[in-house]
Amino acid sequence: MVISIASGKGGTGKTTVAANMAWAASTVEPVTFLDCDVEEPDSHFYLKPEWSGEEDVCVPVPVVDSSRCDGCGKCAEFCRYNALAAIKGDVLVFQELCHGCGGCSLVCPLKCISYEDKRIGIVRNGSRRGVRLHQGLLDIGEPIAVPVIKQVKEKRAGDGLTLIDCPPGTGCPMVNSITGSDYCMLVTEPSPFGRHDLDLAHRAALELRIPHGVVISRSSGNDAIIDDYCADEGLKVLGRIPFSRDIAEACSRGEMLAEIDSAWSLRFSRILEEVRKECLLSLLS
Amino acid sequence: MPAQLTILSGKGGTGKTTVAASFFTLAQGAVAADCDVDAPNLHLLLEPTLLEREPFQAAMVAGIDPDTCTQCGLCEESCKFGAIRDFEVDPFSCEGCGVCELVCPEGAARLVPETTGEVFVSETRFGPLAHALLRPGGEATGKLVTRVKEVASRLAGERGLELLLVDGSPGIGCPVIASVAGSDLILAVTEPTLSGLWGLERIHGVARHFGVKLAVCINKGDINPEIAEQVRRYCSESGLEMLGVVPFDEEVNKATMNGEVLVELYDGPAANALKSLWKATMALLESTKAKT
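Sequences listed follow chains A and B, in order.
Residue numbering for the first sequence follows the numbering used here, beginning at 5 and increasing consecutively.
Residue numbering for the second sequence follows the numbering used here, beginning at 2 and increasing consecutively.
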C-alpha cells in the first residue's frame with residue numbers, strides 16, 4: 005500500500021506524522037519511506053538512518069556543436085522554456101531552464117545538438133530498524149524538482165507499506181509526489197491558513213482522484229474551523245495531534261514521539277488503521 | 002524602482018506570512034506581493050477588496066484531435082514526460098514542450114494555451130496587494146511569481162510607493178528563485194529546530210548562488226535555546242546579520258486564529274519583537290540599497 009502525506013500549507017507537521025507512522029508500523033511490516041520534499045527534506049532528522057549510499061539525479065541538457073552550428077536559431081525559436089538563445093550567429097544554452105524535452109535536436113537542420121547529463125540533485129538511501137529511507141535532495145540553484153521526485157518514487161518497494169512525505173503547496177512538485185498513491189493524508193492545523201490551504205490540497209487530490217482524509221495537528225481541543233470544513237466536504241478526520249510545548253520541543257530536536265513513548269506509537273498505529281479502513285472503503289465504492 | 006524585501010524560509014511554516022503582514026502594517030506605504038502562489042495566505046489577514054483579476058496563460062498544454070489522429074504512436078514515442086498514453090494527453094504530466102505537435106504527421110497533436118492560474122490586485126487598509134492562485138499542479142509557477150511581482154512594481158510606480166514587500170514560498174525551487182530575482186534584501190525567517198536550521202542553510206545557499214544579501218530572524222526563539230544558539234553560531238560564522246528573535250507567544254496563535262495582524266492589535270512580547278525587527282530590517286535595507 006502506498007500512502008502519501010501532503011498538506012498545502014508548509015510546516016503543519018507532514019514529516020512528523022509520516023516519520024512517526026513509519027516508526028510505529030515498522031514493528032509489524034517493512035516500511036519504505038520516500039522523502040519527496042526534495043527542496044527541504046528533513047525526514048533524516050527524525051528517522052536517523054544509517055546511510056548506505058547515494059546516487060546522482062541527472063537530466064539531459066543540450067550541447068551545441070559550435071563548429072557546425074550556423075546560428076539559424078530554429079532551436080531557440082522552438083524552446084518554450086527559453087533554455088536556448090541565438091545571438092549574433094551563436095547559440096547560448098541556459099542548462100537550468102531546460103526541461104529535457106528533446107525538441108531542439110529534432111528541429112536542428114544541421115543535427116548539431118546532442119545531449120549530456122547534468123546533475124540536479126541526489127537520492128540518498130539509508131535504513132534503520134524496519135524502515136528503508138530514500139531521500140531526494142535538489143541541488144542549490146536548480147529550479148526544477150520534479151525529476152528528483154520521480155527518481156525517489158522509483159524506489160517504491162513491492163512489499164509492505166510505502167509512505168511518501170510530500171512537499172508543501174499544490175504545484176507540480178506536490179502533484180507529482182501524490183500521483184499513484186492509494187491514499188493521501190492531508191495534514192493541517194486549526195487556523196484560517198490551515199483551512200485555506202487544506203481546501204487547495206483537497207481540490208488537488210480530488211482532481212487526481214486520489215482518496216484522501218485529514219489529520220489535524222496542533223489540535224487545540226477546539227478544531228471547529230477544520231471539523232466544520234471536513235463535515236461540509238465529506239472529508240474523514242483520521243486523527244488529531246494535540247498542541248503542546250513538549251511536543252514542539254521534542255520535534256525541534258528531531259525526536260519521534262512513537263519512539264520515546266509507546267502510547268504515542270499506539271496512537272499513530274491507530275491513525276494508520278483508519279487509513280487502511282478508508283482505503284478499503286474507497287475500493288468498494 | 003521600489004526597494005524589494007523578500008521574506009523566505011526554506012522550511013515551511015516558520016512564520017513568513019506573520020512577519021510579512023506585520024511589516025506591511027508597519028511600513029505605511031508599501032506594496033505587498035504574495036508570491037506563495039500555490040498556497041497563498043497573506044490575503045487572509047488583510048480583508049482585501051478585489052480591484053482587478055487576470056487569467057494567467059504562460060503555459061501550453063497538448064491536445065490530440067481524435068478525428069485526425071491515425072494512431073501512429075510517434076507522439077507517445079517522442080514524449081519525454083510520458084504524458085501521452087493511448088493517444089490521449091495527461092494534462093498533469095504534459096509540460097507543454099510542443100514535441101508531439103512537431104512530430105505529428107497529421108497535425109492532430111496541437112498545443113493550446115492553458116490557464117494555470119489567476120493574478121489579482123486588491124486594496125487593503127495598508128496598501129495595495131498583488132496576489133495569485135495557481136491551479137493544482139499548474140505549470141510555470143516561476144513565471145506566475147514573476148508576473149505577481151511585475152504587477153506589484155506597476156502598483157508601486159503608479160502610487161509612488163518605495164517598498165515592495167514579497168512574501169515568498171517555502172522551498173528552494175523555481176517559485177523561490179523567481180522571488181529572489183531583483184531582491185535588494187532577503188529576510189530569512191527560521192525557527193530553532195533542526196529542520197529550521199537546515200532550511201536556513203539551504204536558502205542561504207540560494208541567496209549566495211544568486212548574489213543577493215540575506216539576513217536572519219528567529220521565530221519562536223525560546224522553543225529550543227540550544228538550537229537557537231546553533232542558528233546564531235551559523236549566522237556569525239557565515240557573516241549573516243541576525244536582525245531579531247521573536248519569542249514564542251500565545252498572542253501570535255490568537256491573532257492567526259482570528260485572522261488578525263499581530264502588530265496592529267497586540268502589544269505582547271512577539272508584537273514588540275516584530276516592531277524592533279522591522280526597524281532593524283529597514284536600516285539594513287537602506288544601507289544595502291545605498292551601497293548598490
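The beta carbon of each residue, even a glycine, is placed where N, CA and C say it ideally should be.
Being a predicted model, the structure only gives us computed values, none of them experimental.
Rounded to whole angstroms, what's the CA-CA distance from G217 of chain A to R207 of chain A? Just pull it up for me. By one-based count along the first sequence, residue 217 of chain A stands at place 213. By one-based count along the first sequence, residue 207 of chain A stands at place 203. Approximately 12 angstroms between the Cα atoms of the pair.
Using CA coordinates, which residue listed in A:L142, A:S256, A:L284 is at the minimum distance from I228 of chain B? Here residue 228 of chain B is taken as the residue at index 227 of the second sequence, counted from 1. Ranking A:L142, A:S256, A:L284 by Cα distance to I228 of chain B puts A:S256 first.
Rounded to the nearest angstrom, how far is the Cβ of L162 of chain B from that of P49 of chain B, given a contact under 8 angstroms? By 1-based counting over the second sequence, the position of residue 162 of chain B is 161. By 1-based counting over the second sequence, the position of residue 49 of chain B is 48. With a Cβ gap of about 16 angstroms, L162 of chain B and P49 of chain B do not count as contacting.
Do L244 of chain B and A281 of chain B count as a contact pair if the criterion is CB distance below 9 angstroms? Locating residue 281 of chain B in the second sequence gives position 280, where the first residue counts as 1. Locating residue 244 of chain B in the second sequence gives position 243, where the first residue counts as 1. Going by C-beta atoms, A281 of chain B is nearer than 9 angstroms to L244 of chain B.
Own chain, CB closer than 8 angstroms to C234 of chain A, minus 5 neighbours either side, in chain order: To locate residue 234 of chain A, count along the first sequence from 1; it is residue 230. The residues are V218, K240, V241.
Indicate whether at least one CB of chain E lies closer than 9 angstroms to the CB of S118 of chain A. In summary, chain E is missing from the structure at hand, where the protein chains are A and B.
Tell me, which residues are paired with K150 of chain B by DSSP? Looking up residue 150 of chain B in the second sequence gives position 149. Bridge partners of K150 of chain B: none, in fact.
Assign V217 of chain B to one of two classes, buried (16 or more other C-beta atoms within 10 Å of its C-beta) or exposed (fewer than that). As a first step, residue 217 of chain B must be located in the second sequence, where it is residue number 216. Buried, because 16 or more other Cβ atoms sit within 10 Å of the Cβ of V217 of chain B.
Minimum Cβ-Cβ distance from P215 of chain A to chain B less than 9 angstroms: Numbered from its first residue, the first sequence carries residue 215 of chain A at position 211. Taking Cβ atoms only, chain B never reaches closer than 9 angstroms to P215 of chain A, which makes this a no.
Could you compute how far the alpha carbon of L142 of chain A sits from the alpha carbon of D68 of chain B? Counting from 1 along the first sequence, the entry for residue 142 of chain A is found at position 138. Counting from 1 along the second sequence, the entry for residue 68 of chain B is found at position 67. One C-alpha to the other measures close to 42 angstroms.
A256 of chain B versus B:D35, B:V146, B:L45, residue with shortest Cα-Cα distance: Position 255 of the second sequence holds residue 256 of chain B. If we check each option's Cα against that of A256 of chain B, B:L45 comes out closest.
Other residues of its chain near G200 of chain B: CB distance less than 7 angstroms, five sequence neighbours each side excluded: For this step, residue 200 of chain B is matched to residue 199 along the second sequence. The answer, listed in chain order, is S10, G11, K12, T191.
Would you mind reading off the limits of the alpha helix (DSSP H) that contains C176 of chain A? Translated into the one-based positions of the first sequence, residue 176 of chain A becomes position 172. Here the alpha helix (DSSP H) through C176 of chain A covers 176 to 182.
For a contact meaning CB atoms closer than 7 angstroms, what does P220 of chain B contact in chain A? In the second sequence, the residue the question calls residue 220 of chain B occupies position 219. Here the sequence assigns Asn to residue 220 of chain B, which means Pro is not the residue at that position. By Cβ distance, chain A contributes nothing, its closest Cβ being about 10 angstroms from N220 of chain B, past 7 angstroms.
Within chain B, partners of L110 of chain A - CB distance below 9 angstroms: Here residue 110 of chain A refers to the residue found at position 106 when the first sequence is read from its first residue. The contacting residues are S79, V100, L103, V104.
If you draw a straight line from the C-alpha of K292 of chain B to the C-alpha of V63 of chain A, how long is it? Translated into positions along the second sequence, residue 292 of chain B becomes position 291. Translated into positions along the first sequence, residue 63 of chain A becomes position 59. Whole-angstrom Cα-Cα distance: 39 angstroms.
Using a Cβ-Cβ cutoff of less than 7 angstroms, which residues in the same chain neighbour T15 of chain B once the five nearest sequence positions on both sides are dropped? Indexing the second sequence from 1 puts residue 15 of chain B at position 14. Contacts found: V190, T191, E192, G197, N220.
Contacting positions in the stretch 165 to 186 of chain B - beta carbon closer than 9 angstroms to chain A: S170, P171, G172, I173, G174, C175, P176, V177, I178, A179
Who are the Cβ neighbours of H132 of chain B in its own chain at under 6 angstroms, not counting the five residues just before and after it? Along the second sequence, one-based indexing puts residue 132 of chain B at 131. Closer than 6 angstroms at the Cβ level, and outside the excluded window around H132 of chain B, lie D35, P41, H44, F121.
Minimum Cβ-Cβ distance from R207 of chain A to chain B less than 9 angstroms: The sequence position of residue 207 of chain A within the first sequence is 203, counting from 1. Yes, R207 of chain A lies at the interface with chain B (some Cβ there is under 9 angstroms from its Cβ).
In chain A, which residues lie less than 8 angstroms from H210 of chain B when you measure between Cβ atoms? What you label residue 210 of chain B is simply residue 209 of the second sequence in a count that begins at 1. Those within 8 angstroms of H210 of chain B in chain A are I144, G145.
Using CA atoms only, rank isn't needed, just tell me which of B:Q29, B:P137, B:P129, B:P92 is closest to V113 of chain B. Here residue 113 of chain B is taken as the residue at index 112 of the second sequence, counted from 1. The residue with the shortest Cα to Cα distance from V113 of chain B is B:P92.
Positions along the stretch 134 to 163 of chain A whose CB lies within less than 7 angstroms of some CB in chain B: L142, I144, G145, P147, I148, A149
Validate contact between the stretch 7 to 26 of chain A and the stretch 186 to 203 of chain A using beta carbons, cut 8 angstroms, 3 pairs: yes
Apart from the five residues on each side of it in sequence, which residues of its chain come closer than 6 angstroms, Cβ to Cβ, to E53 of chain B? Taking the first residue of the second sequence as 1, we reach residue 53 of chain B at position 52. If we look at E53 of chain B and ignore the five residues flanking it on each side, its Cβ neighbours are V122.
Following the continuous alpha helix (DSSP H) through V200 of chain B, name the residue where it begins and the one where it ends. Position 199 of the second sequence, counting from 1, holds the residue named residue 200 of chain B. It should be noted that the sequence gives Gly, not Val, for residue 200 of chain B. 195 to 210 is the extent of the alpha helix (DSSP H) around G200 of chain B.
For the stretch 71 to 81 of chain A and the stretch 153 to 164 of chain A, state whether three or more C-beta atom pairs, one from each stretch, are separated by less than 8 angstroms. no
Quick one: does R54 of chain B have its CB under 9 angstroms from some CB of chain A? Looking up residue 54 of chain B in the second sequence gives position 53. Not closer than 9 angstroms to any Cβ of chain A, the Cβ of R54 of chain B fails to qualify, so no.
In the DSSP assignment, find the unbroken beta strand (DSSP E) run with G130 of chain A in it and report its ends. Position 126 of the first sequence holds residue 130 of chain A. 117 to 132 is the extent of the beta strand (DSSP E) around G130 of chain A.
Please state whether the Cβ-Cβ distance between P226 of chain B and T174 of chain A is less than 9 angstroms. Position 225 of the second sequence holds residue 226 of chain B. Position 170 of the first sequence holds residue 174 of chain A. No; because the gap between Cβ atoms is not below 9 angstroms, this pair is not in contact.
Where the stretch 226 to 253 of chain A meets chain B: residues whose CB sits under 7 angstroms from a CB there: A252, E253
Is any beta-carbon of chain A found at less than 9 angstroms from that of K276 of chain B? In the second sequence, counting from the first residue as 1, residue 276 of chain B sits at position 275. Not closer than 9 angstroms to any Cβ of chain A, the Cβ of K276 of chain B fails to qualify, so no.
Residues that P129 of chain B bridges to, as DSSP identifies them: For the purposes of this step, residue 129 of chain B is taken as the residue at position 128 of the second sequence. B:E124.
DSSP three-state call for N254 of chain B: helix, strand or coil? As a working note, residue 254 of chain B is residue 253 in the second sequence. Looking at N254 of chain B - three-state DSSP - the assignment turns out to be helix.
Chain A residues whose Cβ lies nearer than 7 angstroms to that of T194 of chain B: Residue numbering aside, residue 194 of chain B sits at position 193 when the second sequence is read from its first letter. Result: C255, S256.
Near-chain B residues of the stretch 193 to 206 of chain A - C-beta to any C-beta below 7 angstroms: S195, P196, F197, H200, D201, L204
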